[in-house]
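Take any residue in the sequence shown, count from 1 to its spot, add 4: that is its number in our numbering. Glycine is no exception: its CB is placed at the ideal position from the N, C-alpha and C atoms. Bear in mind that the values here come from a model prediction, so they are computed numbers and not experimental data. All remarks here apply to the structure that follows.
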Amino acid sequence: MSQIKTVGVVGAGSMGSGIANAFAMNGYQVILRDIKEEFLQGGLQRIEKFMEKSVQRGKLSQEDKEATLGRIQTTTELADFKEVDFVVE
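Take a look at the structure:
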């Protein structure tokens with residue numbers, strides 16, 4: 005069995021963005037997929053807002069926040085999941 009490095013998350017709503025954030029914070033590359041770009045932008049905004057609160061509370065450094073965001077890619081194309089090791093719906 006191969007090691008999981010890249011996780012695909014289907015849906016950028018409240019649950020999906022939270023799942024994507026959790027995987028990215030734990031060092032996984034994440035591909036977050038939804039059917040519309042506006043949904044993806046909303047998901048990224050939720051993730052950024054959550055992480056910014058963590059930075060303000062001293063629970064997360066700015067560097068870790070930026071590194072985590074750098075591990076999250078967004079897409080509207082299901083074909084972009086062809087290289088993922090694990091998918092969460």
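Label Leu-36 either buried or exposed according to how many other C-beta atoms from any shown protein chain fall within 10 Å of its C-beta, with 16 as the threshold for buried. The residue labelled residue 36 in the question sits at position 32 within the sequence shown. Classification of Leu-36: buried, given that the 10 Å Cβ count is 16 or more.
Within 10 angstroms of the Cβ of Asp-38, are there 16 or more other Cβ atoms? Answer buried if so, exposed if not. Within the sequence shown, numbered from 1, the residue matching residue 38 stands at position 34. By the 10 Å Cβ count, Asp-38 comes out buried.
Boundaries of the beta strand (DSSP E) in which Leu-36 is found, first to last residue: Translated into the one-based positions of the sequence shown, residue 36 becomes position 32. Counting along the chain, the beta strand (DSSP E) containing Leu-36 begins and ends at 33 to 37.
If you run the structure through DSSP and keep just helix, strand and coil, what is Gly-47? Reading the sequence shown from its first residue, position 43 is the one you call residue 47. Here Gly-47 sits in helix by DSSP.
For Glu-56, which residues from the same chain have a beta carbon less than 8 Å from its beta carbon, with the 5 sequence-adjacent residues on both sides left out? Here residue 56 corresponds to residue number 52 of the sequence shown, with the count starting at 1. Once the five neighbours on either side are set aside, the close Cβ partners of Glu-56 are Lys-69.
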